[in-house]
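Number of protein chains: 2
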Amino acid sequence: MKRRNTPAKEAVLSLLSNSKKALSQDAIEKELSININRATIYRVLNRFCDDNIVHKIVAEDGKQYFAICRKCEETNKVQYHFHFRCLSCDSIECLETPVNYLLPNGYKVQNATCVLTGVCNNCS
Amino acid sequence: MKRRNTPAKEAVLSLLSNSKKALSQDAIEKELSININRATIYRVLNRFCDDNIVHKIVAEDGKQYFAICRKCEETNKVQYHFHFRCLSCDSIECLETPVNYLLPNGYKVQNATCVLTGVCNNCS
DNA sequence: TATTTAATGCGAATAAGTCGCAATTAAGTA
DNA sequence: TACTTAATTGCGACTTATTCGCATTAAATA
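Sequence order for the protein chains is A and B. Note that numbering that gives the first Met the number 0 has the first sequence beginning at 0, numbered continuously upward. Note that numbering that gives the first Met the number 0 has the second sequence beginning at 0, numbered continuously upward.
Here it is, written out as structure tokens:
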């Protein structure tokens, strides 16, 4: 299924590219200058995830946040790393800290989600 | 606010005590032999969390899972540790692996949620 | 310019979790 | 043991995040 370039896609991508933080759908919708339907934003984001252009983090608020990760881009593959969600400014940022874990035999990992929650340096 | 012993509370607590896995509200409701209202189950679980009797994990499916953690009990305080969610048997278990991270200056952590997703040894 | 099919908007649907409120009941006290 | 009070429950409605179906629009390419 070939992907097409559309205003919605470009707007979301450029917003994420210029953001150092992971954004939720409603944050994206608010920050966009053009009006894009809620469902469309989700579809655009999920397509980006499928194409490994952005990665999705689910925080302990149960919401999805999306980010283009510099680290992932540099190494050209998705790296599991910690995220920090600030309760004050309600944003999530990718930390440098990589995720390390030991796994009992027979377990296969497909994904790792690690989110620290608290107050970031800007807000404290 | 003093806590009371009720059938609902005891049923949920005994179910969690006998389970090695973290359970979601609907899993708990299904496994209980007595009928307890959905809202009540949530309230019981949240009270347990407030009292540090169970801990809550939010997985990347956005759902809340609740567990009594042996490790936490032994050390008598909540320890951040990795969790493993099996996509096949849809359960979450507490792993031994403790969570270690480096944090930039000025950040304050209140909570850490780390979930690995994949297939557990039973299911693979 | 015409064709094809991916992408969009809209509204409805789903699912998890919470809330208000009246009714119930555990637990302390007379 | 009966009485009191405040914690707990059940119910139904509500919220919020996300998805889905479907008709319509519009990229891309021949």
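All C-beta atoms in this analysis are idealised placements derived from N, C-alpha and C, irrespective of residue type, glycine included.
- Taking the Cβ atoms as the reference, residue 63 of chain B lies roughly 20 Å from residue 70 of chain B, outside the contact range of under 8 Å.
- Taking the beta carbon of residue 109 of chain A as reference, the chain B residues within 7 Å of it are 116 and 117, listed in sequence order.
- Listed by position along chain B, the residues whose Cβ is nearer than 7 Å to that of residue 123 of chain A are 105 and 107.
- When DSSP states are grouped into helix, strand and coil, residue 48 of chain A belongs to the helix group.
- Burial check for residue 101 of chain B: the Cβ neighbour count within 10 Å stays below 16, so the residue is exposed.
- With a 10 Å radius around the Cβ and a threshold of 16 neighbouring Cβ atoms, residue 23 of chain A comes out buried.
- Taking 8 Å as the upper bound for CB-CB distance, residue 17 of chain B and residue 59 of chain A are not in contact here, some 26 Å apart.
- Closest in alpha carbon position to residue 88 of chain B, among B:107, B:117, B:33 and B:97, is B:117.
- Residue contact check for residue 57 of chain B against chain A: a CB pair falls below 8 Å.
- Listed by position along chain A, the residues whose Cβ is nearer than 7 Å to that of residue 83 of chain B are 106.
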